[in-house]
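These protein sequence lines map, in sequence, to chains X and D.
First residue of the first sequence: 1, per the UniProt record's numbering; consecutive thereafter.
First residue of the second sequence: 1, per the UniProt record's numbering; consecutive thereafter.
Cβ coordinates follow ideal geometry from the N, Cα and C atoms, glycine included.
All of these numbers come straight from a predicted model, not from anything done at the bench.
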Amino acid sequence: MASRKFNKSIPYLLILPALAIIFPLLIYPVFYNVYLSFFSWKVLPPAFNFVKLQNYFDVFNNPVFWNSVKITLQFTGIVVGIQFVLGLGLAYLLNGQKFAKQTTRSIVLIPYISAPAIISLIWRLLWDPDLGQINQILRFFGIRGPGWIADPATSLFSVTVTEIWRGIPFVILVLLAGLQALPDEPYDAAKVDGASSVQIFFLITVPLLKTIIWIVLLFQTIFTLRAFDIIWVLTGGGPGGSTQTLSIMIYRTMFRFWDGGTSSTLSVIILILTLLISFVFFRYLYKEMEV
Amino acid sequence: MSRKTEGIIIILVVLFIAPVIQMVLMSFKQPLDLFSTFLFFKPTGANYVDLFSRLNLTYFFKNSIIIASGTAVLSVILGAVAAYSFARYNFPMRKFLLFMVLFSRMLPPVAGVVPLFLVMRRLGFTDTYGGIILLYTAFQTPFVIWMMRGFFLSIPRELEEAAVIDGCSRLTAFLRITLPLSRPGLAATSIFAFTLSWNEFLFALIFTGTNTKTIPVAVPELIGEMGIFWGQICAAGTLAVLPIFIFSFLAQKQLISGLTFGAVKG
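Here you go:
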């Protein structure tokens, strides 16, 4: 009898060690963070007072916050949009490739699996107004390039291009995996019916890839929304706050101004944004898990 | 596919990867050649020598290796054990717990910096190998669980059951049959966990200090008041990317599958 009880608890005992580490360091902080957002909480000088929703009112009345939201949404929208369109095109191109297939894919993956902090350093050099290769190339054509990351007018553009480049391998390879798994029959039928390649692409390939396209868009949106490394190393949120996304603002509010309450409040907001988006994905995944 | 398309692909790939090629080339250039030449220069190893003699990067590489391997070993052990339970047992809370594990990994790390700062400080984890390894493990284990669950599911359950009928205990059946068969999965998952920790920046920036600082935090600091050591930065960057580059050749399919929680087979 005792041994049967033990057998029943085996599956839980096997999960327990993993949960023992995931819970305190991953799940508990989320709830603790919500709690902290109801306090006016500063590290220097130390203060900790319950202020109800005051932090939220302060944040919503802060133009810097709204500017940061605008930058975040702009950055995320453009990055994900361009990554998707370019990525789909490139995946389509790579799909028919026969020569050095695996090598090409491994090379394409490099920007994505290299440390973003290191990747940003290369780009910091490329974008440099004087020494950078981008302006050197422009100079070759007789164009005087702008200040890129050093100029508030072009800094967000530079950061956006860098992030598109860094993240696109994921989009390409996921879509490519989807393309490779497509059945042949609809294509054979379409060819017999004399469909053009544009028709085939939009009327057969895209609908068949629907699920994978969803996955890619949701993942990229969630990951781009939280982007930190690239922006921090390239511009630190500057110049003049022109690249200060919510992630950068959370970090700076905490570790530059030591204002824990406001930082937690911003964290709750980015969390809610992420949850709304991942909810869609998880509803799909939860259904898949039935199988 | 025509020759022409293959040619276009090669050109595009080379253009695409040009920034990385540029980094590797610059790592072998002397200060004078850095910005004046592109392909044709007399290569030098001075930047690499500098890294270890003058800038003391050995220390940061050591930290990165300790932390990334520690995380890989710990998260793969904890994660694989949990994954086995999710793959082989049927218990009431199974689906809910699996869902929670996955869900926790979708949370944006940056939203955890304030509470984690307090938690890590209270536990005395700041600037210790153990602390940062435990933190990384908490973040990698959900990935490991998801990847390893897939691998275990792909090994027929009947193999184990046959062994049990032949008189093996469940544990022996696991150790003799399932474990050896899942070796490629364990290798790929370890590589994956290692890569994520090796590259991690945000938590390293906050929770590592003089004792534990890792490469992604140390290298950008070479941009200092004394000017920017581009040659050395490129050398350090090349060394930092090299192991990951090798891994991507070894486990490219699993990387894609792991990054999408197995939603895409790669």
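In the three-state reduction of the DSSP assignment, D229/X falls in the helix class. Taking C-beta atoms under 8 Å as the contact rule, I134/X and G237/D fail to qualify, at a distance of about 18 Å.
The beta carbon of M249/X lies closer than 8 Å to those of V64, F65, S68, G237 and L266 in the same chain, with the five residues before and after it left out. Going by beta carbons, S197/D and T71/D fall inside the 7 Å limit. For M147/D, no CB of chain X lies under 7 Å from its own CB, so it is not counted at the interface with that chain.
In the three-state reduction of the DSSP assignment, D259/X falls in the strand class, which pools E and B. With a beta-carbon spacing of about 6 Å, G231/D and M26/D fall inside the 8 Å limit used to define contacts.
Runs of the alpha helix (DSSP H) spanning 4 or more residues and lying entirely within the stretch 119-184 of chain X occur at 133-140 and 155-180, in chain order. The C-beta distance from I9/D to T104/X rounds to 7 Å, short enough to fall under 8 Å. For S68/X, the enclosing alpha helix (DSSP H) starts and ends at P63 to N95.
Per DSSP, A218/D is one residue of the alpha helix (DSSP H) stretching across I215 to A218.
Under the DSSP assignment, N49/X falls in the beta strand (DSSP E) whose first and last residues are A47 to F50. Secondary structure of G224/D (DSSP, three-state): strand.
Within its own chain, the residues whose Cβ lies closer than 7 Å to the Cβ of P142/D, once the five positions on either side in sequence are excluded, are V101, L102, S104 and R105, listed in chain order. Nearest to F125/D by alpha-carbon distance, out of N63/D, T212/D and E200/D, is T212/D.
Taking the Cα positions, E200/D is about 10 Å away from S114/X. Residue contact with chain X for Y89/D: present (Cβ-Cβ distance below 7 Å to some residue of chain X).
Using a Cβ-Cβ distance cut-off of 8 Å, the stretch 178-188 of chain X and the stretch 128-146 of chain X are not in contact, since fewer than three pairs of beta carbons, one from each stretch, lie closer than that value. Taking 7 Å as the Cβ-Cβ cut-off, the stretch 227-246 of chain D approaches chain X at W230, I233, G237, A240, V241, I244 and F245, given in chain order. With a cut-off of 8 Å on Cβ pairs, the stretch 140-148 of chain X is not in contact with the stretch 254-263 of chain X, counting fewer than three such pairs. When the beta-carbon positions are compared, Q97/X and V171/X stay at least 7 Å from each other. Under the Cβ criterion of 7 Å, T274/X is counted among the residues facing chain D. Nearest C-alpha to L218/X among V268/X, F202/X, L275/X and A190/X: L275/X. Rounded to whole angstroms, the separation of the alpha carbons of P111/X and W165/X is 7 Å. Within the model, the alpha-carbon separation for T72/X versus A162/D is close to 56 Å. For S40/X, no alpha helix (DSSP H) run applies; the uninterrupted beta strand (DSSP E) run containing it begins and ends at F39 to K42, by DSSP.
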